[in-house]
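Right, dumping it as structure tokens:
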């Protein structure tokens, strides 16, 4: 992947920080068009390439906005990165699957955070190691976010 073509220069420092695993949580701020989402998606794809058992759970507050929001953004970035042939795209369940490794990027709405209990990758050899909250300001506080994180991060390591 050509990072300089996919990430804006103001995010190069963040890119280096993420790739070095300097932090476990990143909360990006900025307005529309700031390229936050695009940058995070590129980082997710890079980490998934590096760690072939790593999967990603993507959450948006409102289920009915995922398809035109987070899911569409991931599909577009995968195409821009020239990786379309490596993935299968599914709307039901809403996920993107790496054809070679079985890794998934799964999309969930948090209309009711308690419905996230028991989420798994469906593959005993993969795990959710990345949790991406799109439009975090739409969520009803960090308790709601914590419930989702607890539901998907049950073990696994970056190896």
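In the working numbering, the protein residues as written are 847 to 1005.
We put the CB at the ideal spot given by N, CA and C, even for glycine.
query                                                                                                                             : result
Three-state secondary structure (DSSP) of residue 982                                                                             : helix
Unbroken beta strand (DSSP E) run spanning residue 952, endpoints                                                                 : 950-955
Beta-carbon contacts of residue 854 that lie in its chain and below 6 Å, excluding the five residues immediately before and after : 881
Stretch-stretch touch, CB-based, cutoff 8 Å, three pairs: the segment 965-984 with the segment 906-923                            : yes
Range covered by the alpha helix (DSSP H) that runs through residue 883                                                           : 882-896
Rounded C-alpha distance that separates residue 889 from residue 871                                                              : 13 Å
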